[in-house]
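Some notes on the structure that comes next.
Residue numbers (the working numbering): 266 to 333.
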């Protein structure tokens with residue numbers, strides 16, 4: 266027996282949405298590169314960053330624009 270699904274719903278395609286390039290994040294205190302503190306940050310809990318140079322731990326990080 267033929268399927269009664271309308272053609273518009275049976276022919277759906279998966280789309281991949283790109284949100285942009287991942288940019289390096291920098292410490293607001295010493296302007297060195299900063300790293301995500303917890304591997305679950307941004308998914309399960311808010312992103313929290315850690316700076317190896319000055320010891321900063323927080324939710325604020327800077328991004329550098331390389332566009333001229």
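C-beta atoms are modelled at their ideal positions from N, C-alpha and C, and glycine is treated no differently. Predicted, not measured: the structure shown is a model, and the values here were computed from it.
Does the separation of the CB atoms of residue i and residue j fall below 8 Å?
i	j	result
residue 301	residue 312	yes
residue 323	residue 314	yes
residue 329	residue 288	yes
Quick one: grab the DSSP three-state call for residue i.
i	result
residue 322	strand
residue 305	coil
residue 296	coil
residue 312	coil
Can you list, in chain order, the residues of its chain with a C-beta nearer than 8 Å to that of residue i? Leave out the 5 residues immediately preceding and following it.
i	result
residue 307	301
residue 296	327
residue 310	303
Run through the DSSP bridge pairs and tell me what residue i is partnered with.
i	result
residue 286	Note: residue 286 sits in no beta bridge, so no partner.
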